[in-house]
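Reviewing the structure listed below.
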Amino acid sequence: MLFAIIANDKPNGLEHRLAVRPTHLKHLEALGNKLVLAGPFLDASGNSCGSLVVIDAKDQAEADALAAADPFVNEGVFASYEVRPWNWVFNKPAGR
176 MLFAIIANDK PNGLEHRLAV RPTHLKHLEA LGNKLVLAGP FLDASGNSCG SLVVIDAKDQ
236 AEADALAAAD PFVNEGVFAS YEVRPWNWVF NKPAGR
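In our numbering, the protein residues as written are 176 to 271.
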């Protein structure tokens, strides 16, 4: 089952985000096939200001645990985040 992790950074948090980013990327890489897609939201200046991560998890509990393990969560980059079931309808690659 797919889940979308939708997160918003703390205000004026770009420097902190960039400092934590290498650890965040290692976390995402470690998810392997559980990671479906990921990328930042951008502000009007083109700077990262949040994240969208889509993961494949067996249930809400696993999805919540995977989201909570993200260094952006643990290191306080995000002001808020939510984990929601998501249905990929259009332009889904074969095998998804």
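Ideal placement from N, C-alpha and C gives every residue a C-beta, glycine not left out.
Close CB contacts of V195 within its chain, under the 7 Å cut and outside five residues either way in sequence, are with P246, F247, E250, V252 (chain order). For the set N266, V228, A269, L203, the Cα lying nearest the Cα of N183 is the one of V228. In this model, S223 and F216 are separated by some 6 Å (Cα to Cα). Taking every protein chain shown into account, the CB of S226 has 16 or more other CB atoms within 10 angstroms, so this residue is buried.
Burial of R192 is indicated by the presence of at least 16 other C-beta atoms within 10 angstroms of its C-beta. With respect to the C-alpha of D234, the residue from K209, G221, A254 having the closest C-alpha is K209. The beta carbons of Y256 and A238 sit no closer together than 8 Å.
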